[in-house]
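According to the working numbering, the residues represented by the sequence shown are 6 to 240, in order. We put the CB at the ideal spot given by N, CA and C, even for glycine.
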Amino acid sequence: MRNYIFDFDQQVMMDLNLSLEECLLLDYLTKFFDSGYAVTKYIDRRKYCWITYKKMLEDLPILRKKERQTRRVLVSLEQKGLIKRHLENKNRLYIYVNQELLFYGYDGNEGLTNEDIKDLNDLPAGQDGPPIVKYYKNKIKILSRNARVKDLDKFYFLLKLKQKLKPLISEISFDICMKNAEVISISDNLIILSVSAPNILKDRPGNVFENAVIEVINELASEEGGSKSLANSTL
């Protein structure tokens, strides 16, 4: 089997159940967004790029698609978790591409990828900026520019996160997602959690999980190494 289709691992493409036309459109979007010509903005702490259907169809006549058909392809990619669409003023389309899922599959990569580093560097200068949370099959990655992250105690971080999150979601959702959650690792700029059914957390309205992460990191980073004694802390 040929290892790569475009710049993508063919086995990953098969695992993601992608068609060739979906691969072609994803290849086009990733290259256009990285070209330096795309208009970008942050929405819910993720970097989106503005693009029009006219531009896509002009650049990819080989798709032989009309706007409505192209929209259906994008809907399919969104359902698979590979993109997110954001529409402003009813006709200005912004798209986010989940490049780590695209290049590494449902389990992601357990280190900082080039995309992670780029996302961190793109956070507003002069401040740590909010953490960036990425969801995978059984794992959540938390990226942060806060220099104290690497010093956090992983057991205390998880305990505080559970305490913060438990009143905000249903008991069933909490038990499914967080009861057996573990911190895989904490390192410079990166926290990795093992979580069952992370999509339940991802799909909660109002960025409940992400806001809880922000609060816990800010609280612990202000403590001495985030390693306060657990003796009197219970969930």
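State the beta-bridge partners of residue i as determined by DSSP.
i      : result
GLU93  : ARG97
ILE88  : VAL102
ILE137 : LEU148
Note down, in chain order, each residue of its chain lying with its Cβ closer than 6 Å to the Cβ of residue i, except the 5 sequence neighbours on either side.
i      : result
ARG51  : TYR101
ILE88  : LEU82, ILE100, VAL102
ASP193 : LYS155
ALA226 : ASN151, ARG153
ASP14  : none
Go ahead and pull the three-state DSSP assignment for residue i.
i      : result
THR35  : helix
THR75  : helix
TYR161 : helix
LYS142 : coil
LEU106 : helix
LEU173 : helix
ARG7   : coil
LEU148 : strand
ASP180 : helix
ASP121 : helix
ASP127 : coil
ASP112 : coil
LYS70  : coil
Please work out which residues of its chain come closer than 8 Å, Cβ to Cβ, to residue i, disregarding the five sequence neighbours upstream and downstream, and give them in chain order.
i     : result
LEU98 : TRP55, ILE56, THR57, TYR58, ARG90, HIS91, LEU92
ALA43 : PHE37, CYS54, TRP55, ILE56
Considering only residues of the same chain and omitting the five flanking positions on each side of residue i, which have a CB-CB separation below 7 Å?
i     : result
PHE38 : CYS54, VAL102
Taking 9 Å as the CB-CB limit, is residue i close to chain B?
i      : result
GLU105 : The structure shown has no chain B; it contains just one protein chain.
Return the Cβ separation of residue i and residue j in integer angstroms, given the expectation that the two are a contact with Cβ distance under 8 Å.
i      : j      : result
ILE222 : VAL154 : 7 Å
ILE191 : LYS159 : 5 Å
TYR141 : ASP20  : The Cβ separation is near 13 Å, so there is no contact.
Which ranges would you report for the beta strand (DSSP E) in the stretch 185 to 234 if only whole runs of at least 3 residues count? 187 to 192, 195 to 199
Restricting to runs no shorter than 3 residues, where is the beta strand (DSSP E) found entirely within the stretch 10 to 64? 44 to 48, 51 to 55
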